[in-house]
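So for the sequence shown, this note's numbering puts the first residue at 257; every next one is plus one. We put the CB at the ideal spot given by N, CA and C, even for glycine. The model shown is predicted, which means the values in this text are computed figures rather than measured ones. First comes the structure, then the notes that go with it.
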Amino acid sequence: MKQRILLFSFLVAAMLISACGGGATTTAPTQPAAAVASSSPQKGGEMIVAYKDDLATLDPAIGYDWTNWPAIKMVFDGLLDYDSGTTIQPRIAEALPQISADGLTYTFKLRKGVKFQNGRELIADDVVYSISRVLNPKTASPGAGFFLGIKGAQDFVDGKAADVSGIKAVDPNTVEFTLAAPDVTFLNKMAINFAYIVPKEEVEKAGENFGHAPVGTGPYVLKEWVAGQRLVFERNQNYFFEGRPFIDKITFKVGIEPDVALLQLEKGEIQLMGDPPPGADWSRISTDPAWKNRIEVEQTVNTTYIAINVNEKPFDNVKVRQALNYAIDKNRIVQLLNGRATVANQILPPLMPGYDKSYSGYEYNPEKAKQLLTDAGFASGFETSIECISVDPQPKLCESFQQDLAKVGIKLTINTLAAPNVIDDAGNGKTPLVWSGGLGWTQDYPDPDDFYTPILGCGSNVPGGWNWSRYCNKTVDAKASELLAVNDRDARMKAYADLFKALMDDGVWVPVINGNYTIAHSENLHGQPTLTHPEHLFNYEMMWLGK
Numbered sequence: 257m258k259q260r261i262l263l264f265s266f267l268v269a270a271m272l273i274s275a276c277g278g279g280a281t282t283t284a285p286t287q288p289a290a291a292v293a294s295s296s297p298q299k300g301g302e303m304i305v306a307y308k309d310d311l312a313t314l315d316p317a318i319g320y321d322w323t324n325w326p327a328i329k330m331v332f333d334g335l336l337d338y339d340s341g342t343t344i345q346p347r348i349a350e351a352l353p354q355i356s357a358d359g360l361t362y363t364f365k366l367r368k369g370v371k372f373q374n375g376r377e378l379i380a381d382d383v384v385y386s387i388s389r390v391l392n393p394k395t396a397s398p399g400a401g402f403f404l405g406i407k408g409a410q411d412f413v414d415g416k417a418a419d420v421s422g423i424k425a426v427d428p429n430t431v432e433f434t435l436a437a438p439d440v441t442f443l444n445k446m447a448i449n450f451a452y453i454v455p456k457e458e459v460e461k462a463g464e465n466f467g468h469a470p471v472g473t474g475p476y477v478l479k480e481w482v483a484g485q486r487l488v489f490e491r492n493q494n495y496f497f498e499g500r501p502f503i504d505k506i507t508f509k510v511g512i513e514p515d516v517a518l519l520q521l522e523k524g525e526i527q528l529m530g531d532p533p534p535g536a537d538w539s540r541i542s543t544d545p546a547w548k549n550r551i552e553v554e555q556t557v558n559t560t561y562i563a564i565n566v567n568e569k570p571f572d573n574v575k576v577r578q579a580l581n582y583a584i585d586k587n588r589i590v591q592l593l594n595g596r597a598t599v600a601n602q603i604l605p606p607l608m609p610g611y612d613k614s615y616s617g618y619e620y621n622p623e624k625a626k627q628l629l630t631d632a633g634f635a636s637g638f639e640t641s642i643e644c645i646s647v648d649p650q651p652k653l654c655e656s657f658q659q660d661l662a663k664v665g666i667k668l669t670i671n672t673l674a675a676p677n678v679i680d681d682a683g684n685g686k687t688p689l690v691w692s693g694g695l696g697w698t699q700d701y702p703d704p705d706d707f708y709t710p711i712l713g714c715g716s717n718v719p720g721g722w723n724w725s726r727y728c729n730k731t732v733d734a735k736a737s738e739l740l741a742v743n744d745r746d747a748r749m750k751a752y753a754d755l756f757k758a759l760m761d762d763g764v765w766v767p768v769i770n771g772n773y774t775i776a777h778s779e780n781l782h783g784q785p786t787l788t789h790p791e792h793l794f795n796y797e798m799m800w801l802g803k
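Following this line, the structure appears as structure tokens:
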């Protein structure tokens, strides 16, 4: 059982690399010392992973949840990646980039001999195409906001330019990014899934189906996808990273309820549960000595919340949004989760730099909620609805919200859907409230900007985006942009505390819990150093099967 106790040191290291943009370089990705397991990884074998819901897509420009991201990483790579913690290292880039003195220009040299799974060698033009594709409004990428700081990106998005002036292929082996203003998080942004490289010819050939027929440079090749049944990945025999991956074949079985998946795991029919074990079963296995080597618990850098659509009546009234914050009994949610979470009192989670320990947030106070509703003109309450994914225990948690809101006069209808449907409805403003349980925001990179720009910033308030509150505050947005250029870490973190307090005053979310991710697996399944990763959740490339 592994708890992420050392995460703060990982976060600080990543922050320093982001701010300085330099540091030691390497000519090849290296396995960090921390990744040395008790026994050497063994190659070969097949494993089965069980999920309740099918994946939505394997397109790195589109996929944006805990199920899609680890699978996308199986097929694709980016210029940069993380080691076993959150220290940035080169991947398709042969080294960390050269950065100009003004902090605006990043020059990457590409590793030679990296090939797409169609056999073609990756070149700088592919990098230009891939990032431009994410920015292209036609792609409707929820990650576009990450790259708006590149010079010319906004003009390209607005249709004022045919390409992004700040992305250039200097030669087939060199790509250059020029920013409109300094951004201490730029290296982190180039390590997220949205920055993974895709081949233009395959995207154009597959069209909208590229997410189901992906071609990348990654450690695995998607061989089969039968909707609602299974996805089959096989080892990329021509993977540029010699010696990886370790497992020959990985099959995702989908449509398997978590309680059924746990039974299959106990019978040896699968090797890994993609979804957490159900609460009742967790109480049993977490105290059973026989499960000692078959459980991992990760304290996630995560906030799970109720997103409030600020454009939909009556939630366009800040007092109504504040009332919701007072009406929700968060301690009961922790109890329903068998203690597998802690109460969240703000948008940032406790393990994220910038978290304000002095901020107390909204206490549970139904009477105060009623008074705010009366002040807002809703003394008799109103009717509304919430969406949540259908995976246990999320519907039960929404029932708890339903009971809480009934006490203050709000009649809440619960709509339970598959995760891709909830994501689609929330991203397109089709639901007034959405519970992010099972989808809650977990860091893309270890910087507080990651809990603003992609989920509450004006640039992310687009169709298909992850700004489920449909929130855009121009004043806050301008401040957030300024903070990206601040090198004084203490001053920057203090300013973020003020920024996030303003968002809490505006009631854009009801932050409910900071969660743990609990994982059940077979005793012969191992990872380097563990099955999980603070950025990628599951790191399939580093898993191996013992005898």
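(1) Could you name each continuous beta strand (DSSP E) segment of 3 residues or more that falls completely within the stretch 434-522, going from the start of the chain to the end?
(2) Give the DSSP-derived three-state secondary structure of His789 in the structure shown.
(3) Let me make sure I understand the geometry here. Which of Thr361, Lys445, Gly665 has the alpha-carbon closest to that of Thr430?
(4) Looking at the structure shown, is Lys299 part of a helix, part of a strand, or coil, going by DSSP?
(5) Hey, could you find the ends of the beta strand (DSSP E) Ile551 is sitting in?
(6) With the cut-off set at 7 angstroms, would you say Gln578 and Met760 are in Cβ contact?
(7) Name the one or two DSSP bridge partners that Ala741 has.
(8) State the DSSP-derived secondary structure class of Phe412, mapped to helix, strand or coil.
(9) Just to confirm the assignment: which complete beta strand (DSSP E) runs, minimum length 3, are found wholly within the stretch 617-645?
(10) From Asp358 to Pro438, what distance separates their C-alpha atoms?
(11) Using a 10 Å radius around the Cβ and a threshold of 16 neighbouring Cβ atoms, would you call Lys365 buried or exposed?
(12) Measure from the alpha carbon of Leu592 to the alpha carbon of each residue in Trp800, Pro676, Val516, Trp538, then state which is nearest.
(13) If you check the beta carbons only, do Gly771 and Asn558 fall under 7 angstroms apart?
(14) CA-CA distance, Lys663 and Ile679?
(15) Does the beta-carbon of Gln493 have 16 or more other beta-carbons within 10 angstroms, so that it is buried, or is it exposed?
(16) Find out if the Cβ-Cβ distance for the pair Ile423, Phe412 is shorter than 7 angstroms.
(17) Leaving aside the five residues before and after Thr474 along the sequence, list all residues of the same chain whose C-beta is less than 6 angstroms from its C-beta, in chain order.
(18) DSSP three-state label for Asp333, please.
(19) Does Thr709 come out as helix, strand or coil in the three-state DSSP assignment?
(20) Determine the closest residue to Leu628 out of Tyr701, Lys575, Thr395, with distance taken between C-alpha atoms.
(21) Count the other C-beta atoms from every protein chain shown that fall within 10 angstroms of the C-beta of Thr543, then say buried if there are 16 or more, exposed otherwise.
(22) Between which two residues does the beta strand (DSSP E) carrying Ala425 extend?
(23) Let's see if you can read the secondary structure: which residues bound the alpha helix (DSSP H) around Ile679?
(24) Please classify Thr669 as buried or exposed, where buried requires at least 16 other C-beta atoms within 10 Å of its C-beta.
(25) Which residues share a DSSP beta bridge with Tyr385?
(26) Quick one, which of Asp382, Gln373, Ile318 has its alpha-carbon nearest Leu335's?
(27) Measure how close the beta-carbons of Gly399 and Ala317 come, nearest whole angstrom, since I'm counting them as under 8 angstroms.
(28) In the structure shown, what three-state DSSP assignment does Lys757 receive?
(29) Who are the near neighbours of Arg550 in its chain, counting only those whose CB is closer than 7 angstroms to its CB and skipping five residues on each side?
(30) Going by the DSSP bridge assignment, what does Gln578 pair with across the sheet?
(31) So, under 8 angstroms CB-CB, Ile304 and Lys523 are touching, yes? Tell me the CB distance rounded to an integer number of Å.
(32) Helix, strand or coil: how does DSSP classify Met608 here?
(33) From Gln485 to Gln527, what does the alpha carbon distance come to, in whole angstroms?
(34) Roughly how many angstroms lie between the CA atoms of Pro428 and Asp515, to the nearest whole one?
(35) Helix, strand or coil: which one does DSSP assign to Lys750?
(36) Do you know how far the Cα of Arg500 is from the Cα of Glu797?
Answer, in terms of the structure:
(1) 476-482, 486-491, 505-510
(2) In the sequence shown, counting from the first residue as 1, residue 789 sits at position 533. His789 falls in the strand class under three-state DSSP.
(3) The sequence position of residue 430 within the sequence shown is 174, counting from 1. Nearest C-alpha to Thr430: Thr361.
(4) Reading the sequence shown from its first residue, position 43 is the one you call residue 299. Three-state DSSP puts Lys299 in coil, outside helix and strand.
(5) To locate residue 551, count along the sequence shown from 1; it is residue 295. Looking at the DSSP string, the run of the beta strand (DSSP E) that includes Ile551 is 551-555.
(6) On the sequence shown, position 322 is the one that residue 578 refers to. On the sequence shown, position 504 is the one that residue 760 refers to. Gln578 places its beta carbon 7 angstroms or farther from that of Met760.
(7) Taking the sequence shown and counting its residues from 1, one reaches residue 741 at position 485. In the DSSP output, where bridge partners are listed per residue, Ala741 has none listed.
(8) As a working mapping, residue 412 is identified with position 156 in the sequence shown. In the structure shown, Phe412 sits in a helix (DSSP, three-state: H, G or I).
(9) Qualifying beta strand (DSSP E) stretches, in chain order: 638-645.
(10) Locating residue 358 in the sequence shown gives position 102, where the first residue counts as 1. Locating residue 438 in the sequence shown gives position 182, where the first residue counts as 1. The alpha-carbon atoms of Asp358 and Pro438 are separated by roughly 8 angstroms.
(11) Position 109 of the sequence shown, counting from 1, holds the residue named residue 365. Lys365 is buried by the Cβ-count criterion.
(12) Locating residue 592 in the sequence shown gives position 336, counting from the first residue. In terms of CA proximity to Leu592, Trp538 leads the group Trp800, Pro676, Val516, Trp538.
(13) For the purposes of this step, residue 771 is taken as the residue at position 515 of the sequence shown. For the purposes of this step, residue 558 is taken as the residue at position 302 of the sequence shown. A contact, by the Cβ cut-off of 7 angstroms.
(14) The residue you call residue 663 lines up with position 407 of the sequence shown. The residue you call residue 679 lines up with position 423 of the sequence shown. So the alpha carbons of these two residues sit roughly 28 angstroms apart.
(15) Against the sequence shown, residue 493 aligns to sequence position 237. Exposed, because fewer than 16 other Cβ atoms sit within 10 Å of the Cβ of Gln493.
(16) Counted from its first residue, the sequence shown places residue 423 at position 167. Counted from its first residue, the sequence shown places residue 412 at position 156. No, Cβ-Cβ distance for Ile423 and Phe412 is not below 7 angstroms.
(17) The sequence position of residue 474 within the sequence shown is 218, counting from 1. The amino acid at residue 474 is misidentified as Thr; the sequence shows Gly. So the qualifying residues of the chain are Met330, Val331, Phe332, Asp333.
(18) As a position in the sequence shown, residue 333 is number 77, starting the count at 1. Correct three-state label for Asp333: coil.
(19) Numbered from its first residue, the sequence shown carries residue 709 at position 453. DSSP places Thr709 in coil when its eight states are reduced to three.
(20) By one-based count along the sequence shown, residue 628 stands at place 372. The residue with the shortest Cα to Cα distance from Leu628 is Lys575.
(21) Taking the sequence shown and counting its residues from 1, the one referred to as residue 543 is at position 287. Exposed: under 16 other Cβ atoms inside 10 Å.
(22) As a first step, residue 425 must be located in the sequence shown, where it is residue number 169. Note, Ala425: beta strand (DSSP E), 423-427.
(23) Along the sequence shown, one-based indexing puts residue 679 at 423. It spans 675-683 - the alpha helix (DSSP H) in which Ile679 sits, taken as one unbroken run.
(24) Numbered from its first residue, the sequence shown carries residue 669 at position 413. Per the 10 Å Cβ criterion, exposed.
(25) Start at 1 with the first residue of the sequence shown, and residue 385 comes out as number 129. Residue pairing of Tyr385 in beta bridges, as defined by DSSP: absent, with no partner found.
(26) Counted from its first residue, the sequence shown places residue 335 at position 79. Comparing Cα positions, the closest option is Asp382.
(27) The sequence position of residue 399 within the sequence shown is 143, counting from 1. The sequence position of residue 317 within the sequence shown is 61, counting from 1. About 7 angstroms separates the two Cβ atoms, so the contact holds.
(28) As a first step, residue 757 must be located in the sequence shown, where it is residue number 501. Correct three-state label for Lys757: helix.
(29) In the sequence shown, counting from the first residue as 1, residue 550 sits at position 294. Closer than 7 angstroms at Cβ, skipping near neighbours: Ala776, His777, Ser778, Glu779.
(30) Against the sequence shown, residue 578 aligns to sequence position 322. Answer is none; Gln578 lacks a bridge partner.
(31) For this step, residue 304 is matched to residue 48 along the sequence shown. For this step, residue 523 is matched to residue 267 along the sequence shown. The Cβ separation is near 12 angstroms, so there is no contact.
(32) For the purposes of this step, residue 608 is taken as residue 352 along the sequence shown, with counting starting at 1. Three-state result, Met608: coil.
(33) By one-based count along the sequence shown, residue 485 stands at place 229. By one-based count along the sequence shown, residue 527 stands at place 271. The alpha-carbon atoms of Gln485 and Gln527 are separated by roughly 17 angstroms.
(34) As a first step, residue 428 must be located in the sequence shown, where it is residue number 172. As a first step, residue 515 must be located in the sequence shown, where it is residue number 259. One C-alpha to the other measures close to 51 angstroms.
(35) Residue 750 sits at position 494 when you count from the first residue of the sequence shown. Looking at Lys750 - three-state DSSP - the assignment turns out to be helix.
(36) Numbered from 1 along the sequence shown, position 541 holds the residue referred to as residue 797. Numbered from 1 along the sequence shown, position 244 holds the residue referred to as residue 500. Near 7 angstroms, if we compare the C-alpha coordinates of Arg500 and Glu797.
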